[in-house]
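Please read the structure below before turning to the comments.
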Amino acid sequence: MPQPRTIAAALLLSLLLAVPCHAAERLWLANGFDIVCDHHITVSGHIRAYLSPSSTDYIEFTPESIQSIETLPPTAPEALPVPPAPAAAPQADRLTPTDLHEILSSAGSRHNIDQDLLASVVKAESAGQPRAVSRAGAQGLMQLMPGTAHQLGVQDSFQPSQNVQGGAAYLDQLLTRYHDNLSLALAAYNAGPQAVDRYHGIPPYRETRAYVARVIHEFNRRVAQREKQNQSLALANLTGTR
Numbered sequence: 584m585p586q587p588r589t590i591a592a593a594l595l596l597s598l599l600l601a602v603p604c605h606a607a608e609r610l611w612l613a614n615g616f617d618i619v620c621d622h623h624i625t626v627s628g629h630i631r632a633y634l635s636p637s638s639t640d641y642i643e644f645t646p647e648s649i650q651s652i653e654t655l656p657p658t659a660p661e662a663l664p665v666p667p668a669p670a671a672a673p674q675a676d677r678l679t680p681t682d683l684h685e686i687l688s689s690a691g692s693r694h695n696i697d698q699d700l701l702a703s704v705v706k707a708e709s710a711g712q713p714r715a716v717s718r719a720g721a722q723g724l725m726q727l728m729p730g731t732a733h734q735l736g737v738q739d740s741f742q743p744s745q746n747v748q749g750g751a752a753y754l755d756q757l758l759t760r761y762h763d764n765l766s767l768a769l770a771a772y773n774a775g776p777q778a779v780d781r782y783h784g785i786p787p788y789r790e791t792r793a794y795v796a797r798v799i800h801e802f803n804r805r806v807a808q809r810e811k812q813n814q815s816l817a818l819a820n821l822t823g824t825r
């Protein structure tokens, strides 16, 4: 099996991370993901997590899909700005952490992309909600626009495995196009390759810069956690053989 491609994260990450943060709560979800939001309210028995102080950008969850809600300090390091992406969506299909892990693993192996990178994109795009729909019409776990999904051969964007395979294929194309420069590939995933080519780099859009920073931040966190777990396992195995 080929090793996941080596991805070059842009040196501009520190600049991107400097975008102001307003989020004040973290929702821990039953599917294994978490989402940082500005605040939440309960409407008709459903919980709306508002991504900004405005009253328009929110994701709606059923109560059973949320395990707990944590209040964050104003300077929480992971409280990065969230773009106005998935809005209220239909009732989400059931998708367990194990199911999602298998879907991400399969797509990652097929397209030679680190599974943790795909998980980071899914978290930023939909918070792991298979039926998330943005105001622009993007659909599913990796928020594919209908036209893009059609080009990628995705027949049903709300079918988790099809959506992730399509999103991984698209990200694979973008990484190839930008010579494995992760920041440019993510910027193109968010704003379109035309915008990246027009500005010869990450477009000066607040939403896109915040998106790139958030995905890379989550990806780095996951990789560091994975390496720590591997080191602990190696140490335990070494100790057990003595």
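Each residue of the sequence shown is one higher than the last, beginning at 584 in our numbering. C-beta: ideal position from N, C-alpha, C; glycine also. Quick caveat, the model's predicted, so the values are computed rather than measured.
Can you list, in chain order, the residues of its chain with a C-beta nearer than 8 angstroms to that of residue i? Leave out the 5 residues immediately preceding and following it.
i    : result
I649 : L610, W611, L612, A613, I630
V779 : Y761, L767, A770, A771, I785, P786
F741 : D676, P713, R714, Q722, G723
L821 : none
D682 : P743
I696 : P587, R588, A690, A751, L754, D755, L758
V704 : M725, G750, L754, L769, Y772, V798
For residue i and residue j, what's the separation of their Cα atoms in angstroms?
i    : j    : result
S709 : E810 : 26 angstroms
F644 : A817 : 39 angstroms
P646 : G628 : 7 angstroms
H694 : I642 : 29 angstroms
H684 : G711 : 11 angstroms
T791 : V798 : 11 angstroms
L700 : G730 : 24 angstroms
L765 : L758 : 7 angstroms
G750 : A732 : 8 angstroms
V619 : H783 : 31 angstroms
P776 : A819 : 46 angstroms
L754 : P656 : 34 angstroms
L634 : A707 : 12 angstroms
H800 : A719 : 25 angstroms
Here's a check: name, in chain order, each residue in its chain whose Cβ is nearer than 7 angstroms to the Cβ of residue i, leaving out the five neighbours to either side.
i    : result
T654 : A607, E608
Y788 : A774
Q812 : none
V752 : Just to set this straight, residue 752 is Ala in the shown sequence, not Val. Correct list, in chain order: H694, L735.
D617 : R609, L610, W611
Q698 : L687, S688, G691
Buried or exposed, going by whether 16 or more other CB atoms sit within 10 Å of the CB of residue i?
i    : result
V626 : exposed
H623 : buried
T679 : exposed
I652 : exposed
S717 : buried
A774 : buried
Q726 : buried
S815 : exposed
A793 : buried
T658 : Any reading at T658 must be qualified, since the residue scores a pLDDT of 48, below 50, and its modelled position is unreliable; the value itself is stated next. T658 should be labelled exposed.
Should residue i be counted as a contact of the ligand ZN given a C-beta to heavy atom distance under 6 angstroms?
i    : result
H623 : Absent from the structure shown: the ligand ZN. Ligands present: none.
Going by DSSP, what residue range makes up the alpha helix (DSSP H) through residue i?
i    : result
P617 : The sequence shown places Asp at residue 617, not Pro. Looking at the DSSP string, D617 is not in any alpha helix (DSSP H); the run it does join, the beta strand (DSSP E), is 617-620.
S744 : 743-760
N695 : No alpha helix (DSSP H) contains N695, which DSSP labels as neither H nor E.
V716 : Run containing V716: none; DSSP gives neither H nor E here.
G730 : 729-734
D780 : 776-782
Ignore the nearest five residues each way along the sequence and tell me which others in residue i's own chain have a CB closer than 6 angstroms to its CB.
i    : result
I686 : P743, S744, V747
M728 : A721
Y702 : Here residue 702 turns out to be Ala, not Tyr, going by the sequence shown. For A702, where only same-chain residues beyond five positions count, the Cβ hits under 6 angstroms are L687.
R781 : none
Hey, does residue i have any beta-carbon neighbour from chain D nearer than 7 angstroms?
i    : result
E643 : Going by chain labels, chain D is absent from the structure shown, which holds only one protein chain.
Following the continuous beta strand (DSSP E) through residue i, name the residue where it begins and the one where it ends.
i    : result
S651 : 649-654
H629 : 629-633
R609 : 608-612
* Asked: Does the segment 790-808 come close enough to the segment 729-744 to have 3 or more Cβ pairs within less than 8 angstroms?
  -> Not touching, per the Cβ criterion.
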